[in-house]
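Undergrad: Would you mind keeping the following structure in view while I ask a few things?
Residue numbers (the working numbering), protein chains in the order written: chain V, 136 to 324; chain G, 23 to 339.
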């Protein structure tokens, strides 16, 4: 059923082949460190700020950002939530959609500043869905967006607040953010 | 998944897929605002040719939590009473433009037949003595929540097997998931043939009660007595009912399930209902999540659609 069919359906059916390494793991580590400082600078500290990683790519990045924030602000404890936006997408029915993983937002967001974290910002549709989803968990004072890679091709008026790297791409290329760094490549069937 | 007519159409992977989805929907149900717009603009109609409160409410709650619109058709207030046929009813509702029909009927096979008359998705919400797939899914999901997996677990299904669609669906579901199924019933309440059923059969509840992980009690319908299939409800209760003495002999961690509505004093003693082994509340709660998973699999997951290549790329990141 869904899961198995999805594996057989493009673009998931193909295999990602890396063409160029655009960031090494050292580069991403430095970018995380810089973004953590920017988050602190923008919000004058970390009080009432919580990170929400988008399943699945944004979650490890959110954890890394939280680690960095806790190292910079000694004694601070940064809450990391996770959010799966499958049920809020606007392309339901246009492609196989499956919730990838769990949503876990343990706090009422009302009055807090939420930093949404994702690995790659592309059309902006995932972020639009995430903004919808957040409203079901309360009314945040502000929502900010942190991404490792902004690859362009936006289809909605959405822009990130914290960017690891701006990476011009072709539409048909695929950006893969992994523990070893960031690769630019394509799906091969 | 286009329709859900029988659990026999599902393999172990399909179950696991639906359970994973149910986990997501259980999380949605636990939210302060337990609603997602996943099926916004879709319409789900419940067609109940036979009375049911809990199944219908459960499906309607599920549809509403997915953002779908719901309509209800019940025979008591419909033109079926003026002599309209099932087929004409289906074609009328189909013409109104709905996306899924949830069908309960007193005769086996009606949901299957309805799929010939409409292009929309059909869910079997119970047909005669045949099947009740979503009940089996929610029971198996409840047990998965307790045990992690059903593989190797011993399940005793107790009561009126012959007239029970719940028993039929659950025998298939539990054995597909690797559980060992034992039917406990008087011979008069067993189907005429059990050929091909992957089950053991006994009339002795006391002989198996201390060795099972799951005790599944079926509802004992009072009309079975007028059909002389059991001598009296009191005797049935003494031989097959769950009282404290029997409940005390259950293994540690054993679970008692019941599809509802319960006849206190018949298949279960009145005050046993409050014991910790009973998972009836979990069953009802899980029923909503499982039915959300079923409706989503049919209407939302988009597995039967192939998108434009451009859109696929756009959607991926």
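A virtual CB, placed ideally from N, CA and C, is assigned to each residue, including glycine.
Is DSSP giving residue 202(G) helix, strand or coil here?
TA: Note: residue 202(G) maps to strand in three-state DSSP.
Undergrad: Have a look at the DSSP bridge pairing and note the partners of residue 318(V).
TA: Answer is 156(V), 311(V).
Undergrad: Please report the residue range of the beta strand (DSSP E) in which residue 181(V) lies.
TA: Per DSSP, residue 181(V) belongs to no beta strand (DSSP E) and is neither H nor E.
Undergrad: With 9 Å as the threshold, decide whether the Cβ of residue 55(G) is near any Cβ in chain V.
TA: Residue 55(G) counts as touching chain V.
Undergrad: Going residue by residue through the region 128-195 of chain G, where are the continuous beta strand (DSSP E) segments of at least 3 residues, counting only ones entirely within it?
TA: Whole beta strand (DSSP E) segments, 3+ residues: 143-149, 176-180.
Undergrad: Under three-state DSSP, which class holds residue 306(V)?
TA: Here residue 306(V) sits in coil by DSSP.
Undergrad: Comparing the C-beta of residue 60(G) with each C-beta of chain V, is any distance below 9 Å?
TA: At least one chain V Cβ lies under 9 Å of residue 60(G).
Undergrad: How about residue 196(V) and residue 268(V): are their beta carbons less than 9 Å apart?
TA: No, the Cβ-Cβ distance between residue 196(V) and residue 268(V) is not below 9 Å.
Undergrad: Interface residues of chain G around residue 223(V) at Cβ under 9 Å?
TA: Residues of chain G passing the Cβ test: 58, 59, 60.
Undergrad: Starting from residue 253(V), trace the beta strand (DSSP E) in both directions and tell me its first and last residue.
TA: Run containing residue 253(V): 248-256, per the beta strand (DSSP E) assignment.
Undergrad: What is the DSSP secondary structure of residue 188(V), counted as helix, strand or coil?
TA: DSSP places residue 188(V) in strand when its eight states are reduced to three.
Undergrad: On the criterion of 16 or more Cβ atoms from any shown chain inside 10 Å, does residue 242(V) qualify as buried, or is it exposed?
TA: It is exposed - the Cβ of residue 242(V) has fewer than 16 other Cβ atoms within 10 Å.
Undergrad: Is the beta carbon of residue 204(V) closer than 9 Å to that of residue 175(V)?
TA: Yes; because the gap between Cβ atoms is below 9 Å, this pair is in contact.
Undergrad: Roughly how many angstroms lie between the CA atoms of residue 287(G) and residue 140(G), to the nearest whole one?
TA: Going from the Cα of residue 287(G) to the Cα of residue 140(G) covers about 44 Å.
Undergrad: DSSP three-state call for residue 71(G): helix, strand or coil?
TA: In the structure shown, residue 71(G) sits in coil (DSSP, three-state: anything other than H, G, I, E or B).
Undergrad: Return no unless some Cβ of chain V is closer than 9 Å to the Cβ of residue 335(G).
TA: Annotation note: pLDDT 38 at residue 335(G) (below 50); position unreliable, no value reported.
Undergrad: Identify every residue that forms a DSSP beta bridge with residue 290(G).
TA: Paired residues: 264(G), 286(G).
Undergrad: Residue 50(G) CB to nearest chain V CB: under 9 Å?
TA: Judged by the 9 Å Cβ criterion, residue 50(G) is in contact with chain V.
Undergrad: Quick check on residue 139(G) - is its C-beta less than 9 Å from some C-beta in chain V?
TA: It does not; no Cβ of chain V falls within 9 Å.
Undergrad: Indicate whether residue 234(G) and residue 276(G) have their beta-carbon atoms separated by less than 9 Å.
TA: For residue 234(G) and residue 276(G), yes; Cβs fall inside 9 Å.
Undergrad: Assuming residue 302(G) is part of the alpha helix (DSSP H), what are its boundary residues?
TA: 302-321 is the extent of the alpha helix (DSSP H) around residue 302(G).
Undergrad: Are the region 300-318 of chain V and the region 160-168 of chain G touching by the rule of at least three beta carbon pairs closer than 8 Å?
TA: With a cut-off of 8 Å, the region 160-168 of chain G and the region 300-318 of chain V do not count as touching, because too few Cβ pairs lie within range.
Undergrad: Determine contact between the region 210-221 of chain G and the region 179-193 of chain G, defined as no fewer than three beta-carbon pairs at a distance below 8 Å.
TA: Yes, the region 210-221 of chain G is in contact with the region 179-193 of chain G.
Undergrad: With the cut-off set at 9 Å, would you say residue 299(V) and residue 284(V) are in Cβ contact?
TA: Yes, these two residues count as a Cβ contact at 9 Å.
Undergrad: Using a 10 Å radius around the Cβ and a threshold of 16 neighbouring Cβ atoms, would you call residue 13(G) buried or exposed?
TA: Chain G is shown from 23 up to 339; residue 13(G) falls before or after that span and cannot be answered.
Undergrad: Mind listing which residues of the region 268-281 of chain V have their C-beta closer than 9 Å to chain G's C-betas, in chain order?
TA: The residues in question are 268, 270, 271, 272, 273.
Undergrad: Would you list, in chain order, the members of the region 192-220 of chain G that have their beta-carbon closer than 9 Å to a beta-carbon of chain V?
TA: From the region 192-220 of chain G, no residue has a Cβ closer than 9 Å to chain V.
Undergrad: I'd like the span of the alpha helix (DSSP H) that includes residue 84(G), first residue to last.
TA: That run of the alpha helix (DSSP H) goes 76-87.
Undergrad: Do you know how far the Cα of residue 78(G) is from the Cα of residue 287(V)?
TA: Approximately 47 Å, taken between the alpha carbons.
Undergrad: With distances taken from CA atoms, which of 94(G), 153(G), 56(G), 105(G) is nearest residue 123(G)?
TA: Ranking the options by Cα distance to residue 123(G), first place goes to 94(G).
Undergrad: From residue 256(V) to residue 292(V), what does the alpha carbon distance come to, in whole angstroms?
TA: Their backbone Cα atoms lie some 12 Å apart in a straight line.
Undergrad: Please decide whether residue 219(V) counts as near chain G, where near means a Cβ-Cβ distance under 9 Å.
TA: Yes - at least one Cβ of chain G is within 9 Å of the one on residue 219(V).
Undergrad: Have a look at residue 110(G) and residue 98(G) and give me their C-alpha separation to the nearest angstrom.
TA: Their Cα atoms are separated by approximately 17 Å.
Undergrad: Have a look at residue 102(G) and residue 108(G) and give me their C-alpha separation to the nearest angstrom.
TA: Roughly 8 Å separates the two Cα atoms.
Undergrad: Measuring alpha carbon to alpha carbon, tell me which residue in 177(G), 242(G), 32(G), 251(G) is nearest residue 289(G).
TA: Nearest C-alpha to residue 289(G): 242(G).
Undergrad: I think residue 130(G) touches residue 150(G), with their Cβ atoms under 8 Å apart; what is that distance to the nearest whole Å?
TA: That belief holds up - the Cβ atoms of residue 130(G) and residue 150(G) are roughly 4 Å apart, short of 8 Å.
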